[in-house]
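All residue numbers in the sequence shown are consecutive under my numbering, ending with 141. Using N, Cα and C, we set each Cβ at its ideal position, and we do this for glycine too. Computed from a predicted model, the values in this text were never measured in an experiment.
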Amino acid sequence: SADVKSNAKKITSLQNDVGALAGRMYSVEKKATQLEKEISSMEENIANKPWMDDVNSVSAGLSKKISELQTMSIAGIALGAIALVLGVISMF
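Below, the structure is given as structure tokens:
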């Protein structure tokens, strides 16, 4: 009789532990699911990345402008040199 009561207490205690463990597992699972949703959402934003297109487009535009400016500068220097040579030649 005492053994039966002792075993019943152990079983109840074990059931409580299993219940608590199940509760913790459910909580962890909920957090994991939430985290997966957040990661998925971030991945979607990165995949869509309209802001990257803007950055790329601005960068490309800027690179083009810088390239044009460099070309114009080089052309300007070349024209200046030609004008200088022509100026010197016309002096003679």
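Which same chain residues, not among the five before or five after residue i, have their C-beta less than 6 Å away from its C-beta?
| i | result |
| --- | --- |
| L92 | Reading off the sequence, residue 92 comes out as Glu, not Leu. Once the five neighbours on either side are set aside, E92 has no close Cβ partner at all. |
Note down, in chain order, each residue of its chain lying with its Cβ closer than 8 Å to the Cβ of residue i, except the 5 sequence neighbours on either side.
| i | result |
| --- | --- |
| L84 | none |
May I ask whether a heavy atom of the ligand ATP can be found less than 7 Å away from the beta carbon of residue i?
| i | result |
| --- | --- |
| S139 | For the structure depicted, the ligand ATP is absent and the ligand set is empty, with no information on it obtainable. |
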